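Student: In my numbering, the protein residues as written are 5 to 446.
Each residue gets a CB set at the ideal place from its N, CA and C atoms; glycine is no exception.
What you are looking at is a predicted structure, and each value in this text was computed from that prediction instead of being measured.
Structure in structure tokens, see below.
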Amino acid sequence: MKLSSCAFLFLVGLMTVSVFAQSKKSKPASGATPAYDLLIRNGRVYDGAGNPWVAADVAIRGDRIVKIGRDLKGSARRVIDANGMAVSPGFFDMHTHSDLSLLVDGNAESKIRQGVTTEILGEASSVAPVCPAVKEEAAAGDADLHIKRDWTDLNGYFRKLLRQGTSVNVGSYVAGGSVRACAMGYAMRAPTPPELDKEKALVAASMREGALGLSTGMIYPPGSYAKTDELVELAKVASQYGGIYTSHIRNESSHLLDAIQETITIAEQAHIPVHILHIKSSGKANWGHIKDAVALIDQARARGLEISADQYPYIASSTTLTTDVPQWAMDGGTKALVERLRDPAQRARIREAVVKSNFDPSKQIVASLRGEANQKYEGKSIAEIAEARHEEPADTVLNLLSEENGHVLMVFFTMSEDDVRYAMKQPWVSLGSDGTAVRPDG
Numbered sequence: 005m006k007l008s009s010c011a012f013l014f015l016v017g018l019m020t021v022s023v024f025a026q027s028k029k030s031k032p033a034s035g036a037t038p039a040y041d042l043l044i045r046n047g048r049v050y051d052g053a054g055n056p057w058v059a060a061d062v063a064i065r066g067d068r069i070v071k072i073g074r075d076l077k078g079s080a081r082r083v084i085d086a087n088g089m090a091v092s093p094g095f096f097d098m099h100t101h102s103d104l105s106l107l108v109d110g111n112a113e114s115k116i117r118q119g120v121t122t123e124i125l126g127e128a129s130s131v132a133p134v135c136p137a138v139k140e141e142a143a144a145g146d147a148d149l150h151i152k153r154d155w156t157d158l159n160g161y162f163r164k165l166l167r168q169g170t171s172v173n174v175g176s177y178v179a180g181g182s183v184r185a186c187a188m189g190y191a192m193r194a195p196t197p198p199e200l201d202k203e204k205a206l207v208a209a210s211m212r213e214g215a216l217g218l219s220t221g222m223i224y225p226p227g228s229y230a231k232t233d234e235l236v237e238l239a240k241v242a243s244q245y246g247g248i249y250t251s252h253i254r255n256e257s258s259h260l261l262d263a264i265q266e267t268i269t270i271a272e273q274a275h276i277p278v279h280i281l282h283i284k285s286s287g288k289a290n291w292g293h294i295k296d297a298v299a300l301i302d303q304a305r306a307r308g309l310e311i312s313a314d315q316y317p318y319i320a321s322s323t324t325l326t327t328d329v330p331q332w333a334m335d336g337g338t339k340a341l342v343e344r345l346r347d348p349a350q351r352a353r354i355r356e357a358v359v360k361s362n363f364d365p366s367k368q369i370v371a372s373l374r375g376e377a378n379q380k381y382e383g384k385s386i387a388e389i390a391e392a393r394h395e396e397p398a399d400t401v402l403n404l405l406s407e408e409n410g411h412v413l414m415v416f417f418t419m420s421e422d423d424v425r426y427a428m429k430q431p432w433v434s435l436g437s438d439g440t441a442v443r444p445d446g
């Protein structure tokens, strides 16, 4: 069994301890070569296949597990006593946004120090395909990271990642949003037949290059402009290559069940397994509806559909402030949104939609701002910023988006702890951080 290059095994206990501080050098007989490079003793071994744990030692030579068993004989260069701890292969982070950060720093320390050895990438956008429309929309973010998007497909991205080096294994979906942008830009309309054919060809090409399947972020333009029938057609292509369909579904609040039903419809019509990202019931008025969502998925699974989900173990989500504005305001991309915000008539229309959405400005926290003049607002809620600036919260939303050219990263506190616990107990729910691999020192 070959190990990830980033770590041998990950050990986790009920107490916060430094496992490696407990390691010690084994003393082989004089002149003898140690049998193993690493020997992990006395742990509860979980094999990752769903089997019950077993008490065993794990012996490692080089980058391979060479033996698992009770009371293994032989010396080792290093011995770790894992008594009272779990010993497991590296963990998958089922949903991450480390696509570009791995090109900045491939060590991914925030992940491997928690035992994550595999990152699953791609949601509303993916690292491929790359085309002029995608490059233009991503230009500001790429500049922040000093990234040159000099690849066009998954093969190119993977080659660059391998050249630069990374400590984690990586798998990626091809995103419907990226495919749509390359086929028809950021227009809020249905694709023409030739445009749909181009979308399907791009999905097929990415699948041949190793994509795990098709992903969608159904609250993020331009992917959110796709109707169900378009998604079915693209999912059918992924299905032909043995892929799956994964989605940040179209609504996670008052229309949660409708959004899940759309995903089930795609599974049925495209004959494809589906996976729902960070399943939740968002907004206080919708707390408790997670049970209805689980029941709907259980019913679909009972009739033979392959449906799973992941979840992050916290009650806040993180995304961009553009999710506060109506979808039509993003028609044409972020640049078009900013132009609308600076047009008095368009701005008034957008403002009316924001007010009618009944958003809670006290639960929306600004995480990151590019403009130096606004960085003093990082860590503050929209309500607090509005008070400081002597303006209405809806105006604060629109002003920040205009001042920051549409790029405002947020944290939204919208979930119930009870809902999180309920979803996490479902046997078909796994863990995904929805986060990014970062360096401890920034």
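Quick check: the Cα distance between GLU396 and ILE151, rounded to an integer number of angstroms?
Tutor: Within the sequence shown, residue 396 is the residue found at index 392, counting from 1. Within the sequence shown, residue 151 is the residue found at index 147, counting from 1. Roughly 37 angstroms between the two C-alpha positions.
Student: Give me whichever residues DSSP pairs with ASN173 in a beta bridge.
Tutor: By one-based count along the sequence shown, residue 173 stands at place 169. Partner(s): THR122.
Student: DSSP three-state label for ASN46, please.
Tutor: Taking the first residue of the sequence shown as position 1, residue 46 is located at position 42. DSSP places ASN46 in strand when its eight states are reduced to three.
Student: Can you check the region 190–274 for any beta strand (DSSP E) of at least 3 residues that lies completely inside it and give the ranges in chain order?
Tutor: Fully enclosed beta strand (DSSP E) runs of 3 or longer: 217–221, 248–252.
Student: Determine the DSSP secondary structure at ALA86, reduced to helix, strand or coil.
Tutor: For the purposes of this step, residue 86 is identified with residue 82 of the sequence shown, where counting begins at 1. ALA86: coil per DSSP, three-state reduction.
Student: Specify, as a first and last residue, the run of the alpha helix (DSSP H) that ARG68 falls within.
Tutor: Sequence index remark: in the sequence shown, residue 68 carries index 64 (1-based). Not the alpha helix (DSSP H): ARG68 falls in the beta strand (DSSP E), residues 68–73.
Student: Within the region 107–151, note down every full alpha helix (DSSP H) run reaching 4 residues or more, in order along the chain.
Tutor: Entirely contained in the region 107–151, the alpha helix (DSSP H) runs reaching 4 residues are, in chain order, 113–116, 136–149.
Student: Which residue from SER361, PRO431, ARG346 puts its Cα closest to that of SER406?
Tutor: Here residue 406 refers to the residue found at position 402 when the sequence shown is read from its first residue. Among SER361, PRO431, ARG346, the Cα nearest to that of SER406 belongs to ARG346.
Student: Please say whether PRO133 and SER182 have beta carbons closer to each other than 7 angstroms?
Tutor: In the sequence shown, counting from the first residue as 1, residue 182 sits at position 178. In the sequence shown, counting from the first residue as 1, residue 133 sits at position 129. In this structure, PRO133 lies closer than 7 angstroms to SER182 by Cβ.
Student: By Cβ distance below 7 angstroms, which residues in the same chain neighbour GLU408 in space, the five residues on each side in sequence not counted?
Tutor: Along the sequence shown, read from residue 1 onward, the residue named residue 408 stands at position 404. If we look at GLU408 and ignore the five residues flanking it on each side, its Cβ neighbours are LEU373, ARG374, GLY375, ASN378.
Student: Would a C-beta distance cut-off of 7 angstroms place ILE264 and LEU300 closer than the cut-off?
Tutor: Working through the sequence shown from its first residue, we reach residue 264 at position 260. Working through the sequence shown from its first residue, we reach residue 300 at position 296. Contact flag set, yes.
Student: With DSSP collapsed to three states, give me the class of GLY410.
Tutor: Taking the first residue of the sequence shown as position 1, residue 410 is located at position 406. Reduced to three states, the DSSP call for GLY410 is coil.
Student: Between which residues of its own chain and VAL442 is the CB-CB distance below 7 angstroms, once the five residues before and five after are set aside?
Tutor: Here residue 442 refers to the residue found at position 438 of the sequence shown. Around VAL442: SER105, SER114.
Student: Straight-line CA distance for SER286 to SER257?
Tutor: Stepping through the sequence shown from its first residue, residue 286 is reached at position 282. Stepping through the sequence shown from its first residue, residue 257 is reached at position 253. Between SER286 and SER257, the C-alpha separation is close to 5 angstroms.
Student: Restricting to Cα atoms, I'd like to know which of GLU266, HIS275, HIS259, TYR318 is closest to ASN290.
Tutor: Stepping through the sequence shown from its first residue, residue 290 is reached at position 286. Checked all of GLU266, HIS275, HIS259, TYR318; the closest Cα to ASN290 is HIS259.
Student: Could you name the residues of the same chain whose beta carbon sits closer than 8 angstroms to that of ALA304, not counting the 5 residues immediately before and after it, in chain order?
Tutor: Position 300 of the sequence shown, counting from 1, holds the residue named residue 304. If we look at ALA304 and ignore the five residues flanking it on each side, its Cβ neighbours are ILE268, ALA271, ILE311.
Student: Which of helix, strand or coil does DSSP assign to ASP423?
Tutor: As a first step, residue 423 must be located in the sequence shown, where it is residue number 419. Reduced to three states, the DSSP call for ASP423 is helix.
Student: For THR37, count neighbouring Cβ atoms within 10 angstroms of its own Cβ and tell me buried if that reaches 16, exposed if not.
Tutor: If you number the sequence shown from 1, residue 37 lands on position 33. Its Cβ having fewer than 16 others within 10 Å, THR37 is exposed.
Student: Does ARG163 come out as helix, strand or coil in the three-state DSSP assignment?
Tutor: On the sequence shown, residue 163 is found 159 positions in, with the first residue counted as 1. Reduced to three states, the DSSP call for ARG163 is helix.
Student: What's the gap between the Cα of GLY189 and the Cα of GLY336?
Tutor: Working through the sequence shown from its first residue, we reach residue 189 at position 185. Working through the sequence shown from its first residue, we reach residue 336 at position 332. Rounded to the nearest angstrom, the two C-alpha atoms are 7 angstroms apart.
Student: Can you list, in chain order, the residues of its chain with a C-beta nearer than 7 angstroms to that of LEU206? Leave out the 5 residues immediately preceding and following it.
Tutor: Reading the sequence shown from its first residue, position 202 is the one you call residue 206. If we look at LEU206 and ignore the five residues flanking it on each side, its Cβ neighbours are PRO133, VAL183, CYS186, ALA187.
Student: Run the CB neighbour count on ALA25, radius 10 Å, all protein chains shown included, and call it buried at 16 or more, exposed below.
Tutor: Along the sequence shown, read from residue 1 onward, the residue named residue 25 stands at position 21. Caution applies to ALA25, whose pLDDT of 36 falls short of 50 and renders its modelled position unreliable; the value that the coordinates give is listed next. Exposed is the call here.
Student: Can you pull the DSSP bridge partners for HIS394?
Tutor: Numbered from 1 along the sequence shown, position 390 holds the residue referred to as residue 394. DSSP lists no partner for HIS394.
Student: Taking its Cβ as the centre, do 16 or more other Cβ atoms sit within 10 Å of PRO195, making it buried, or is it exposed?
Tutor: Position 191 of the sequence shown, counting from 1, holds the residue named residue 195. Its Cβ being crowded by 16 or more others within 10 Å, PRO195 is buried.
Student: Check the C-beta distance from PRO365 over to ALA387 and give it rounded, since I have them as a contact under 8 angstroms.
Tutor: As a first step, residue 365 must be located in the sequence shown, where it is residue number 361. As a first step, residue 387 must be located in the sequence shown, where it is residue number 383. Their Cβ separation, rounded to whole angstroms, is 4 angstroms, which keeps PRO365 and ALA387 in contact under 8 angstroms.
Student: Who pairs with ASP61 in a beta bridge, going by DSSP?
Tutor: The count along the sequence shown starts at 1 and reaches residue 61 at position 57. ASP61 is bridged to GLY73.
Student: Report all residues from its chain with a CB closer than 7 angstroms to the CB of VAL415; omit the five preceding and five following residues, and keep chain order.
Tutor: Residue 415 sits at position 411 when you count from the first residue of the sequence shown. Only ALA320, SER322, ILE369, ALA371 meet the Cβ criterion.
Student: Alpha carbon to alpha carbon, how far is VAL174 from ASP109? Give it in angstroms, no decimals.
Tutor: Numbered from 1 along the sequence shown, position 105 holds the residue referred to as residue 109. Numbered from 1 along the sequence shown, position 170 holds the residue referred to as residue 174. For ASP109 and VAL174, the distance between alpha carbons rounds to 14 angstroms.
Student: Is the beta carbon of GLU266 less than 7 angstroms from the beta carbon of THR232?
Tutor: In the sequence shown, residue 266 corresponds to position 262, counting from 1. In the sequence shown, residue 232 corresponds to position 228, counting from 1. Yes. Within cutoff.
Student: If we ignore side chains and look at the alpha-carbon of each, how far apart do GLY73 and ALA59 end up?
Tutor: Residue 73 sits at position 69 when you count from the first residue of the sequence shown. Residue 59 sits at position 55 when you count from the first residue of the sequence shown. Approximately 8 angstroms between the Cα atoms of the pair.
Student: Check whether the region 244–258 touches the region 67–82, taking contact to mean three or more Cβ pairs, one atom from each stretch, closer than 8 angstroms.
Tutor: No, the region 244–258 is not in contact with the region 67–82.
Student: DSSP state of THR338, grouped into three classes?
Tutor: As a position in the sequence shown, residue 338 is number 334, starting the count at 1. Three-state DSSP puts THR338 in a helix.
Student: Between the Cα of LEU238 and the Cα atoms of TYR229, ASP262, ASP201, which residue gives the shortest distance?
Tutor: For this step, residue 238 is matched to residue 234 along the sequence shown. Per the Cα distances, ASP201.
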